[in-house]
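S.K.: My questions all concern the structure below.
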Amino acid sequence: MHGRDFVSRRPIVPMNHSFDTIIAGSGLAGSCAAFVLSENERVLILDAEQPGCGASGVPVGLISPLMARRARPVWRMEEAMQSFHRLLAESKASSHFSASGVRKPARSEEQAIEFRDASMKWPDHGRWFEPESAAERWPYLFTQFGVLEVTSGGAVSMPAFCQTLVHAACDRGAESKSACAIQGWEDSGDQVTVRLSSNEEFTSRRLLLCLGEGYTEFPELRALRLHPIKGQWIRLRSRDNLPQTVAISSGSYLARDDKGIVVGSSYEHKYSTIEPTEEVIKDLHREACLLIPSLRRSTVTDAGASIRVTVPEIRLPMLGPLPGSHNVWIFTGLGAKGLLMAPLLAYELPKFFEKPSAIPKEISVNLHGSGHRTFYRE
Ligand SMILES: Cc1cc2nc3c(=O)[nH]c(=O)nc-3n(C[C@H](O)[C@H](O)[C@H](O)COP(=O)(O)OP(=O)(O)OC[C@H]3O[C@@H](n4cnc5c(N)ncnc54)[C@H](O)[C@@H]3O)c2cc1C
Numbered sequence: 005m006h007g008r009d010f011v012s013r014r015p016i017v018p019m020n021h022s023f024d025t026i027i028a029g030s031g032l033a034g035s036c037a038a039f040v041l042s043e044n045e046r047v048l049i050l051d052a053e054q055p056g057c058g059a060s061g062v063p064v065g066l067i068s069p070l071m072a073r074r075a076r077p078v079w080r081m082e083e084a085m086q087s088f089h090r091l092l093a094e095s096k097a098s099s100h101f102s103a104s105g106v107r108k109p110a111r112s113e114e115q116a117i118e119f120r121d122a123s124m125k126w127p128d129h130g131r132w133f134e135p136e137s138a139a140e141r142w143p144y145l146f147t148q149f150g151v152l153e154v155t156s157g158g159a160v161s162m163p164a165f166c167q168t169l170v171h172a173a174c175d176r177g178a179e180s181k182s183a184c185a186i187q188g189w190e191d192s193g194d195q196v197t198v199r200l201s202s203n204e205e206f207t208s209r210r211l212l213l214c215l216g217e218g219y220t221e222f223p224e225l226r227a228l229r230l231h232p233i234k235g236q237w238i239r240l241r242s243r244d245n246l247p248q249t250v251a252i253s254s255g256s257y258l259a260r261d262d263k264g265i266v267v268g269s270s271y272e273h274k275y276s277t278i279e280p281t282e283e284v285i286k287d288l289h290r291e292a293c294l295l296i297p298s299l300r301r302s303t304v305t306d307a308g309a310s311i312r313v314t315v316p317e318i319r320l321p322m323l324g325p326l327p328g329s330h331n332v333w334i335f336t337g338l339g340a341k342g343l344l345m346a347p348l349l350a351y352e353l354p355k356f357f358e359k360p361s362a363i364p365k366e367i368s369v370n371l372h373g374s375g376h377r378t379f380y381r382e
């Protein structure tokens, strides 16, 4: 049996349920997978807390196909955007997406050049506004160097999106259990037995691990050498009448939820606590005021922190069977692109289950095992 501490075993309560796939964890990875797989499979979704926790518990996230400092397209940009919209429509989750576009104010002349270039190369996704026209259009925004508007982007209420996906999966026949932490698993070749912290057991043909930061509890997953990065967010209350559709990304990001303006995010590679810290709360507030100067009059009403999992160097998700196991799969490493990568890869899961060799090399688990990382010798 693989997993956490099995020393003090309580009596096992065997369960007769059998599933095609048990999905452990229902953040963006697990909930997108659950919705897609439940169309043709018997699926059980287990979460230590409830759907939309972990990193997916950040109240609002942005989806923007032109990302980061240079506004370059993400991996498989067009398919990723199509998959996101298909998932929204099929799961009836459209109300959790605000198709506001995402404004990216340039922070320097050099960045303005990059952004202008991006708007010319990908005109279906981005429009460039010189400082004067940007100031007219968005008078509340920092527009000194001009603004790239990512027209196809927008804001998503991430926890609500995950919850809707799991509900929709259950409407298709899946079962979902909250407050059920998995404790370990055994792959006998024909089936996987999953044990919960309650000592219940479930069996299935396959186990899909979508644990986010929960991977750190399991030595065999720690051996994958994933890299956790802490991210903090704050919520601001402002008396200014900022538009409902405010969605900005430039170093940090801002978007509205029903309680205020959410500002994210820090990227902390080293951290001693997973709680929000005063220092970062102040930094995020300062950043928000730089992008929208009137927010100097705002107050911080809330703050949170969670861990996003990344795959070092490759900076793409990781998906595939664990080395030495055909039936235990991992789907993780979504980094800061959960909204783009989770729907894209979820739709491909049935194909990958059928034919694991179809998994693109750059995201497969084996690449990491046979490459520069000492996977088996850990
Ligand atoms: C501050 C911040 C801002 C972000 N902003 C954006 C953004 O704007 N756009 C974007 O696309 N992405 C954003 N991200 C990244 C995005 O949140 C992640 O990529 C995504 O949520 C990761 O999803 P996941 O399902 O892999 O993991 P998680 O969301 O962490 O989900 C893991 C789930 O597994 C469960 N779990 C853990 N251990 C166990 C266990 N033993 N048994 C059962 N269940 C378990 C947890 O309860 C949780 O529900 C942001 C992240 C942070 C931290």
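Count along the sequence shown starting at 1, add 4, and that's the number in my numbering. Glycine included, every Cβ here is placed at the ideal spot set by N, Cα and C. Just so it is clear, the structure is predicted and the values come from calculations on it, not from any experiment.
1) My understanding is that R209 touches D24, with C-beta atoms under 8 Å, so please give their C-beta distance in whole angstroms.
2) Taking one C-beta from the region 45-58 and one from the region 316-332 each time, how about it: are there three or more such pairs within less than 8 Å?
3) How many Å lie between E153 and C166 at the Cα?
4) When you compare only the Cα positions, how much space is there between R229 and I311?
5) Going by CA-CA distance only, name the one from P354, H330, L32 that's closest to Q195.
6) Since H89 is in the alpha helix (DSSP H), which residue starts that stretch and which ends it?
7) Which same chain residues end up closer than 8 Å to R80 when comparing Cβ atoms and leaving out the 5 residues on each side of it in sequence?
8) At which residues does the alpha helix (DSSP H) containing L338 begin and terminate?
9) Quick check on Q115: does DSSP put it in helix, strand or coil?
10) Let me confirm a value: Q248 is counted as buried when at least 16 other C-beta atoms fall within 10 Å, else exposed. Which label applies?
11) Cβ-heavy atom distance between L338 and ligand 1 below 7 Å?
12) With distances taken between CB atoms, is the gap from G150 to W132 smaller than 8 Å?
13) Leaving out five residues before and five after S42 in sequence, what residues of the same chain have Cβ atoms less than 7 Å from its Cβ?
14) Taking its Cβ as the centre, do 16 or more other Cβ atoms sit within 10 Å of S22, making it buried, or is it exposed?
15) Any heavy atom of ligand 1 within a distance shorter than 7 Å of the CB on W237?
16) Going straight from the alpha carbon of T336 to that of I67, what length do you get?
17) Buried or exposed for M124, going by 16 or more other Cβ atoms inside 10 Å?
18) Between Q264 and ligand 1, is there a pair consisting of the residue's CB and a ligand heavy atom that are separated by less than 7 Å?
19) If you draw a straight line from the C-alpha of L294 to the C-alpha of A103, how long is it?
20) Hey, G264 and R239: beta-carbon distance below 8 Å or not?
21) Near R73, what residues of its chain come up, given a Cβ to Cβ distance below 7 Å and the 5 sequence neighbours on each side ignored?
22) In whole angstroms, what separates the C-alpha of S241 from that of I27?
23) What separation, rounded to the nearest whole angstrom, lies between the Cα atoms of T155 and R107?
24) Shorter than 7 Å, the distance from the beta carbon of S60 to the closest heavy atom of ligand 1, or not?
25) Cα-Cα, which of S112, S99, A164 is closest to G61?
26) Between which two residues does the beta strand (DSSP E) carrying H231 extend?
27) P18 by DSSP, collapsed to three states: which one?
28) So what does DSSP say about D194, is it helix, strand or coil?
29) Buried or exposed: which applies to S276, given that a residue is buried once 16 or more other Cβ atoms fall within 10 Å of its Cβ?
30) Which term fits H129, buried or exposed, when burial requires 16 or more other beta carbons within 10 angstroms of its beta carbon?
31) Out of V64, D191, K365, A346, point me to the one whose CA is closest to G4's CA.
32) State the start and end residues of the unbroken beta strand (DSSP E) segment that holds V154.
33) Secondary structure at F222, three-state DSSP: helix, strand or coil?
34) Taking the beta carbon of Y351 as the centre, do at least 16 other beta carbons fall within 10 Å, making it buried, or is it exposed?
35) Using 10 angstroms around the beta-carbon of T197, count the other beta-carbons present and answer buried if the total reaches 16, otherwise exposed.
M.R.: The structure says:
1) 5 Å
2) no
3) 27 Å
4) 15 Å
5) H330
6) 81-94
7) L348
8) It is not in any alpha helix (DSSP H) - L338 carries neither H nor E in the DSSP assignment.
9) helix
10) exposed
11) yes
12) yes
13) A173, R176, G177, A178
14) exposed
15) yes
16) 18 Å
17) exposed
18) Per the sequence shown, residue 264 should be read as Gly rather than Gln. No, the beta carbon of G264 sits no closer than 7 Å to any heavy atom of ligand 1.
19) 24 Å
20) yes
21) Q115
22) The sequence given here has Arg at residue 241, not Ser. Going by the C-alpha atoms only, they are around 37 Å apart.
23) 8 Å
24) yes
25) A164
26) 231-241
27) Note on P18: pLDDT 48, under 50, position unreliable in the model; no value is reported.
28) coil
29) exposed
30) buried
31) Nothing can be reported for residue 4: it is not among the residues displayed for the chain, which extend from 5 to 382.
32) 151-154
33) coil
34) buried
35) buried
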